[in-house]
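Here the structure comes first, spelled out in structure tokens, and everything after it is commentary.
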Amino acid sequence: MREQDLYIIRPSGQGWAVHLAHAILARFDDRPKAIEAAVVVAEASARLGKAAGVVMEEGDERIVVWDAGRDAYSRLS
Numbered sequence: 096m097r098e099q100d101l102y103i104i105r106p107s108g109q110g111w112a113v114h115l116a117h118a119i120l121a122r123f124d125d126r127p128k129a130i131e132a133a134v135v136v137a138e139a140s141a142r143l144g145k146a147a148g149v150v151m152e153e154g155d156e157r158i159v160v161w162d163a164g165r166d167a168y169s170r171l172s
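If you count the sequence shown from 1, you need to add 95 to reach this note's numbering.
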């Protein structure tokens, strides 16, 4: 099975943090900025041929934001 670069957006203090594995990549005051940054780095991973995805944690729930080139706004073909 191919390893996936999974970028996780989690609440952090008064803002949001983007995590990869056990590392915090960046912190943001606004959730939309954290989402945008996570998608940008996930797209870069995908361009390098890696499986990549972005999820956001809210409480006990994980919401898929972006997955290997398809997000909630992409049309299914």
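Ideal Cβ placement from N, Cα and C applies to all residues, glycine included.
- Scanning its chain for C-beta atoms nearer than 6 Å, with the 5 sequence neighbours on each side dropped, one finds around residue 159 the residues 150, in chain order.
- In the structure shown, the three-state DSSP call for residue 153 is strand.
- A direct Cα-to-Cα measurement between residue 119 and residue 152 gives close to 14 Å.
- Taken in chain order, the complete alpha helix (DSSP H) segments of 4 residues or longer contained in the region 99 to 149 are 126 to 142.
- Taking C-beta atoms as the reference points, residue 161 and residue 144 fail to come closer than 8 Å.
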